[in-house]
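S.K.: Oh and the sequence shown: position 30 is 217 in our numbering, straight run, nothing missing. For every residue, glycine included, the Cβ atom is placed at its ideal position computed from N, Cα and C. Structure provided below as structure tokens; questions to follow.
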Amino acid sequence: KNHPAEADDVPQLSYFEGIPVDEKILPALRALCDAASADGVALTLDEGYVSYEAQESAFNAAVSELEQSGMTHIMAMTTAEKQVGRPGMCDFQTGLCVRFVSDGDFTKTAAYEWLNNNAMRYGFVFRYPANGEVSTGMQADLSVIRYVGSDNARQMRRLDMSLEDY
């Protein structure tokens, strides 16, 4: 949020299982998913890079939906900012984040357990941890991981910090 992206800030994209990501994370993401598979855990990607325009559309749709549920425009914008993020201020626009999909509560899956124990070995951290809602400005979402590099991921895990705190 402190360093918003412009509409034309687009990373060099590659695709992993049909999901666009910054090409810099492709080797680490492939290694992470291969290791999980070798351990008998299926990681299913749902989302990667999101364009400025797509984020703007998602944000506006969330605001509209919240207004229809009875919120004022200001309250709807504030809530949508914490749920989906404003355009230019969503980490998915970096191409360094991916979201995993599951049926039901992701934190109760083998995929979450495996990621919780192993993601940092491949340079990934949970982007929106439960203990980071104040610093990230976003609701906790443990289905989203972000590439920060192995050394940073291990330090963040050891210190129990969100990316903003780190």
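1. Tell me which same chain residues have a C-beta within less than 7 angstroms of the C-beta of MET264, skipping the five on either side of it?
2. Pull up the CB-CB distance for ARG354 and MET307, whole angstroms please, since I reckon it's below 8 angstroms.
3. Which residues mark the beginning and the end of the beta strand (DSSP E) in which LEU216 is found?
4. Jot down the residue ranges of each uninterrupted alpha helix (DSSP H) in the stretch 229 to 275, minimum 4 residues, whole runs only, in chain order.
5. Quick check for students: name the residue ranges of the beta strand (DSSP E) that lie wholly in the stretch 270 to 309, counting only runs of 3 or more.
6. Pull the bridge partners of TYR202 from the DSSP assignment, please.
7. Assuming MET276 contacts LYS211 (C-beta within less than 8 angstroms), just tell me the rounded distance between them.
8. Quick test of your reading: GLY336 and GLY282, contact by CB under 8 angstroms. State the CB separation rounded to the nearest angstrom.
9. Of all the options ASP328, VAL228, ASP292, which has the alpha carbon lying nearest to the alpha carbon of LYS269?
10. Given GLU240, which residues of its chain have a CB within under 8 angstroms of its CB, disregarding the five upstream and five downstream residues?
11. If you reduce the DSSP assignment to three classes, tell me which class LEU346 lands in.
12. Assess contact between the stretch 250 to 261 and the stretch 294 to 308, defined as three or more Cβ pairs (one per stretch) separated by less than 8 angstroms. Is contact present?
13. Determine the direct distance from the alpha carbon of GLN326 to that of ARG286, and round the result to whole angstroms.
14. State the start and end residues of the unbroken beta strand (DSSP E) segment that holds GLN331.
15. From the DSSP secondary-structure annotation, give me the bridge partner or partners of VAL312.
16. Exposed or buried, what is TYR309 when buried is set at 16 or more other beta-carbons lying within 10 Å of its beta-carbon?
17. The alpha helix (DSSP H) spanning VAL321 covers which residue range?
18. Among the candidates ASP290, GLN280, VAL331, whose CA atom is the shortest distance from the CA of HIS190?
M.R.: Let's see:
1. VAL250
2. Because the chain spans 188 through 353 in this model, residue 354 falls outside it and cannot be assessed.
3. That residue, LEU216, is in no beta strand (DSSP E); its alpha helix (DSSP H) goes 213 to 225.
4. Along the length of the stretch 229 to 275, whole alpha helix (DSSP H) runs at least 4 residues long occupy 239 to 255, 260 to 270, reported in chain order.
5. Counting only runs of 3 or more, we get 284 to 287.
6. PRO207
7. At roughly 21 angstroms, the Cβ-Cβ gap does not stay under 8 angstroms, so MET276 and LYS211 are not in contact.
8. At roughly 15 angstroms, the Cβ-Cβ gap does not stay under 8 angstroms, so GLY336 and GLY282 are not in contact.
9. Closest by C-alpha distance to LYS269, out of ASP328, VAL228, ASP292, is ASP328.
10. ALA194, PRO274
11. helix
12. no
13. Cα to Cα, the separation comes out at about 14 angstroms.
14. Before going further, note that residue 331 is Val rather than Gln in the sequence given. Note, VAL331: beta strand (DSSP E), 328 to 334.
15. Paired residues: ARG333.
16. buried
17. 320 to 323
18. GLN280
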